[in-house]
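Asker:
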Amino acid sequence: MPDTPQLQTQLDAIEARFRQRLDDELDTLDALSAQLQQNPDALPNLRDRLHKLAGSAGTFGYVELGVLARDLEEQAQQQLEATCLDPQALIALTKAGAQLRPLLQRSEQREAQPQQLDAGSPDDDRHRRIGLLIEDAGLARQMAQTLDSFGYQVIPFATPAAVQAAPSLDALIIDTSPPGNRLLEHPVFQQAPGQLPPLLIISSLDTFSSRLQAVRAGAVGFFTKPVDLPLLERRLERDFSSQQGGPFRVLIVDDDTELTARYQLVLSNAGIRVDTVSDANLLLDKMHKFIPEVVLMDLNMPEYSGPELAQVIRLDDDWLRVPIVYLSAETNAERQMSALLKAGDDFITKPISDSTLLTTVYARAQRARMVSDALARDSLTGLLKHADIKEQLELEAERAKRSQAPVSVAMIDIDHFKNVNDSYGHACGDNVIRALSNMLRQRLRKVDRLGRYGGEEFVAVLPGCSSKDATQLLESIREAFNALQFSSGGQQFHCSFSAGISACEADAWADEELLERADRALYRAKQSGRNRLCRDDGVPD
Amino acid sequence: MTALERIMHIEDDPSIQEVARVALEVVGGFTVRSCDSGAAGVAAADSFAPQLVLLDVMMPGMDGPQTLTELRKLPIMEGIPVIFMTAKAQTQEVTAYRALGAAGVIIKPFDPMTLSEQVREIWEQQHA
Chain F
0 MPDTPQLQTQ
10 LDAIEARFRQ
20 RLDDELDTLD
30 ALSAQLQQNP
40 DALPNLRDRL
50 HKLAGSAGTF
60 GYVELGVLAR
70 DLEEQAQQQL
80 EATCLDPQAL
90 IALTKAGAQL
100 RPLLQRSEQR
110 EAQPQQLDAG
120 SPDDDRHRRI
130 GLLIEDAGLA
140 RQMAQTLDSF
150 GYQVIPFATP
160 AAVQAAPSLD
170 ALIIDTSPPG
180 NRLLEHPVFQ
190 QAPGQLPPLL
200 IISSLDTFSS
210 RLQAVRAGAV
220 GFFTKPVDLP
230 LLERRLERDF
240 SSQQGGPFRV
250 LIVDDDTELT
260 ARYQLVLSNA
270 GIRVDTVSDA
280 NLLLDKMHKF
290 IPEVVLMDLN
300 MPEYSGPELA
310 QVIRLDDDWL
320 RVPIVYLSAE
330 TNAERQMSAL
340 LKAGDDFITK
350 PISDSTLLTT
360 VYARAQRARM
370 VSDALARDSL
380 TGLLKHADIK
390 EQLELEAERA
400 KRSQAPVSVA
410 MIDIDHFKNV
420 NDSYGHACGD
430 NVIRALSNML
440 RQRLRKVDRL
450 GRYGGEEFVA
460 VLPGCSSKDA
470 TQLLESIREA
480 FNALQFSSGG
490 QQFHCSFSAG
500 ISACEADAWA
510 DEELLERADR
520 ALYRAKQSGR
530 NRLCRDDGVP
540 D
Chain L
0 MTALERIMHI
10 EDDPSIQEVA
20 RVALEVVGGF
30 TVRSCDSGAA
40 GVAAADSFAP
50 QLVLLDVMMP
60 GMDGPQTLTE
70 LRKLPIMEGI
80 PVIFMTAKAQ
90 TQEVTAYRAL
100 GAAGVIIKPF
110 DPMTLSEQVR
120 EIWEQQHA
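Read top to bottom, the protein sequences are chains F and L.
0 is the number of the first residue of the first sequence in numbering that gives the first Met the number 0; add one for each residue after it.
0 is the number of the first residue of the second sequence in numbering that gives the first Met the number 0; add one for each residue after it.
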């Protein structure tokens with residue numbers, strides 16, 4: 000079972016040693032690449048060292064450094080394989096050392112760390128960095144204030160060039176008014192996708208062509224003036240949450256195990272989680288365990304046809320949303336149609352290139368996640384609804400079981416909420432609910448799952464957290480929430496919540512029971528005076 | 000299924016060796032033997048009797064595929080899954096490693112928090 004603080008300390012120590020070696024390594028790379036022009040024999044050594052750096056830098060959080068090292072390694076490899084050396088390429092490689100060092104410095108400024116290890120403390124997404132490229136000073140100020148109150152870090156920019164020079168942003172909001180403004184034609188916005196953060200475009204014109212222009216610049220959101228700021232914030236939140244939720248889950252149903260293995264490799268190399276079924280009898284069981292977001296299905300299997308299995312899946316209401324994509328050698332359009340009419344959403348024709356497979360699956364999975372996110376979220380708080388948070392709990396419990404890691408559940412209920420509604424009105428009550436949901440969302444970690452379980456009741460699922468870690472985390476949120484001042488009709492008041500926490504750390508893996516135990520602990524917290532936490536970790540008090 | 004306990008990790012880069020050992024020991028609860036070359040791995044196989052081997056592909060001296068060939072000659076290594084770890088992610092290479100008899104491929108950089116889970120998944124596939 001992971002002892003997270005201990006692990007963190009050990010990893011920190013290794014990281015520090017790696018950092019020390021990295022300095023020497025970059026010096027060596029500098030020296031090696033500098034000698035390259037006089038002495039091409041240095042090339043294999045340079046390649047090996049770049050290879051090593053490519054493998055290790057990313058693991059320690061120096062992601063960009065790792066990517067550049069990989070790129071340079073490939074260039075060196077090409078030169079080694081070439082019959083005669085290309086002087087231009089060699090000159091590029093002699094600058095390898097000099098190119099790498101600034102990336103190290105940049106990473107350090109940002110303290111980029113891919114691992115999220117501190118189970119007990121709030122995570123980084125409290126400080127998502129949002130760039131503003133907005134000329135209208137009034138709008139910029141208002142936007143900065145709103146985003147700041149939601150816990151984002153706002154960075155104003157005066158010019159597109161300044162945006163490019165800035166370290167990575169999580170999103171960029173651009174005001175393209177007044178009409179005729181050519182801001183989006185700036186070279187900064189003509190880069191390949193992936194080079195820029197997600198763009199939200201504000202325009203004074205709501206026309207097809209202004210929307211099209213935004214799409215061509217790579218926008219993920221479009222707003223017309225006057226801007227509905229809460230709506231814009233929700234859009235941001237949605238964009239971030241679609242990046243969350245872990246890797247996509249894809250289930251492959253095919254009796255050809257070799258082909259399946261190949262698809263599995265292609266997809267898992269792209270960071271997608273893949274599970275496979277070759278025996279159709281196990282299909283439904285696997286669906287419930289794995290909860291795929293996309294099903295890839297062979298069209299013709301010995302005992303069943305793809306459309307038959309697709310219909311079996313669709314008989315279950317749980318699986319109405321999951322896209323089913325057939326993999327098939329079938330090129331006859333009519334037969335493809337008839338398969339799609341029975342059930343299923345798309346066809347990929349064999350032989351399938353890696354990129355077609357990946358693009359189709361990715362597009363389907365992304366869309367599916369967006370749709371189920373929109374359906375699953377509560378309209379007041381944007382949190383998961385009752386059934387969906389239970390599903391998340393099942394998923395996390397399953398994952399915990401597999402990795403033998405703990406998982407905690409907190410049930411949170413606002414104290415005397417009826418009094419708030421009665422004294423200040425329902426609109427004010429909604430504000431209290433929204434405030435608590437925002438606070439929970441901002442202070443929990445990216446990996447945690449949060450849902451609105453009932454009227455004023457929330458459930459948080461905290462993977463990797465022991466009940467002690469969870470209690471510590473919730474305790475700090477309880478204090479912060481209790482300190483918040485609400486106002487209504489000139490009156491000021493405070494609210495509090497009680498919470499029950501349960502955890503499973505070794506053997507009791509029943510997720511139903513986790514919820515029940517958290518509920519019982521919540522009841523105890525209420526009974527013993529409210530505004531407090533109680534714990535049920537299976538150990539008698 | 001027998002539980003996975005003993006993992007041998009063959010890797011020449013000391014930083015990666017350390018971080019993988021901690022990740023596998025602390026997160027996964029495995030017993031890990033780190034070897035810094037293919038030759039050291041082959042020499043230690045008999046005494047450590049690994050249930051699974053994680054093998055770096057590009058190493059000075061004996062590289063990953065050569066080490067795999069040598070390991071396969073040892074009776075104690077019969078049926079023991081070997082997973083390649085490599086910074087190269089091209090599918091053709093992965094397919095080639097599979098053809099060499101690798102049970103799986105883990106791509107570097109890896110996330111220390113999920114390394115154990117990746118290893119366990121491959122182990123379970125092998126024993127499914």
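Backbone N, C-alpha and C fix where the C-beta goes; we use that ideal spot for every residue, glycine too.
1) Using 10 angstroms around the beta-carbon of F:MET336, count the other beta-carbons present and answer buried if the total reaches 16, otherwise exposed.
2) For chain F, check one thing: does any of its Cβ atoms lie closer than 8 Å to the Cβ of L:ASP12?
3) Any C-beta of chain L within less than 8 Å: which residues of the stretch 39 to 54 of chain F qualify?
4) Along the stretch 254 to 278 of chain F, what residues have a CB closer than 8 Å to any CB found in chain L?
5) Just checking my contact of F:VAL265 with F:LEU357 at CB under 8 Å: how many whole Å lie between their CB atoms?
6) Distance, Cα to Cα, L:VAL104 vs F:GLY424?
7) What span of residues does the beta strand (DSSP E) with F:ALA502 cover, start to end?
8) Below 8 Å between beta carbons: does that hold for F:ALA482 and F:ILE500?
9) Answer yes or no: the CB of F:PHE416 versus the heavy atoms of the ligand ADP, is any distance below 7 Å?
10) Just the chain F side, please: which residues come within less than 7 Å of L:GLU17 by C-beta, in chain order?
11) Taking Cβ-Cβ distances shorter than 7 Å, what residues in chain L pair up with F:LEU10?
12) Taking the alpha-carbon of F:LEU461 as reference, which of F:LEU374, F:LYS445, F:LEU45 and F:LEU10 has the nearest alpha-carbon?
13) Excluding sequence positions up to five away, which residues of its chain have a Cβ less than 6 Å from the Cβ of F:LYS417?
14) Can you give the Cα-Cα distance for L:VAL81 and F:GLN104, rounded to whole angstroms?
15) Using the beta-carbon count (16 or more within 10 Å), is F:THR380 buried or exposed?
16) When DSSP labels each residue in this structure, what does F:TYR325 get in the three-state scheme?
17) Strictly by DSSP, which residues pair up with F:LEU132?
18) Looking only at its chain, what residues have a beta carbon closer than 6 Å to the beta carbon of F:PRO495, apart from the 5 residues adjacent to it on each side?
19) Counting only beta-carbon atoms, is F:GLN403 nearer than 8 Å to chain L?
20) Restricting to runs no shorter than 4 residues, where is the alpha helix (DSSP H) found entirely within the stretch 41 to 95 of chain L?
21) Just to make sure I have the definition right: I need the residues of chain F whose C-beta is within less than 8 Å of the C-beta of L:ARG119. Which are they?
22) Please compile the residues from chain L whose C-beta is within a distance smaller than 7 Å of the C-beta of F:PHE17.
23) In whole angstroms, give me the CA-to-CA distance for F:GLN441 and F:CYS427.
24) What is the rounded straight-line gap between the Cα of L:THR30 and the Cα of F:LEU146?
25) State yes or no: is the C-beta of L:MET61 within less than 8 Å of the C-beta of L:ALA86?
26) Can you say whether F:ARG401 is buried or exposed, counting buried as having 16 or more other CB atoms within 10 angstroms of its CB?
27) Is F:GLN152 near F:ILE129, with beta carbons less than 8 Å apart?
28) Tell me the start and end of each unbroken alpha helix (DSSP H) in the stretch 264 to 315 of chain F that is at least 4 residues and wholly inside, in chain order.
29) Determine the contact status of F:PHE457 and F:GLY463, defining contact as a CB-CB distance below 8 Å.
30) At a Cβ threshold of 8 Å, is L:GLY28 touching chain F?
31) If you run the structure through DSSP and keep just helix, strand and coil, what is F:GLN526?
32) Would a C-beta distance cut-off of 8 Å place F:LEU182 and F:PRO197 closer than the cut-off?
33) F:ALA498 to F:VAL249, Cα distance in whole Å?
34) Could one say the Cβ of L:MET57 lies closer than 8 Å to chain F's Cβ atoms, at least one of them?
35) Counting only runs that start and end within the stretch 350 to 404 of chain F, where is the alpha helix (DSSP H) found for 4 or more residues in a row?
36) Cβ of F:ASP122 less than 8 Å from any chain L Cβ?
Answerer: Per the coordinate set shown:
1) exposed
2) By this cut-off, L:ASP12 is an interface position.
3) Taking 8 Å as the Cβ-Cβ cut-off against chain L, the residues of the stretch 39 to 54 of chain F that qualify are ASP47, HIS50, LYS51, ALA53 and GLY54.
4) ALA260, ARG261, LEU264, VAL265 and ASN268
5) Right, their Cβ atoms sit about 6 Å apart.
6) 59 Å
7) 496 to 503
8) no
9) No copy of the ligand ADP appears in this structure; indeed no ligand is present at all.
10) ILE13
11) VAL18, VAL21 and PRO111
12) F:LYS445
13) When the five nearest sequence neighbours on each side are left out, no beta carbon in the same chain lies closer than 6 Å to the beta carbon of F:LYS417.
14) Those two C-alpha atoms are separated by around 37 Å.
15) buried
16) strand
17) F:ILE173
18) One point to set straight first is that residue 495 of chain F is Ser, not Pro, in the sequence displayed. Excluding sequence neighbours, F:SER495 sits near ASP414, ASN481 and ASN530.
19) Interface with chain L (8 Å Cβ-Cβ cutoff): F:GLN403 is included.
20) 63 to 71
21) ARG401 and SER402
22) SER14
23) 21 Å
24) C-alpha separation (whole angstroms): 48 Å.
25) no
26) exposed
27) yes
28) 282 to 289 and 305 to 313
29) no
30) yes
31) helix
32) no
33) 36 Å
34) Taking 8 Å as the CB threshold, L:MET57 lines the interface with chain F.
35) 353 to 375 and 385 to 402
36) Note on F:ASP122: pLDDT 39, under 50, position unreliable in the model; the coordinate value appears next. No, because no Cβ of chain L sits closer than 8 Å to the Cβ of F:ASP122.
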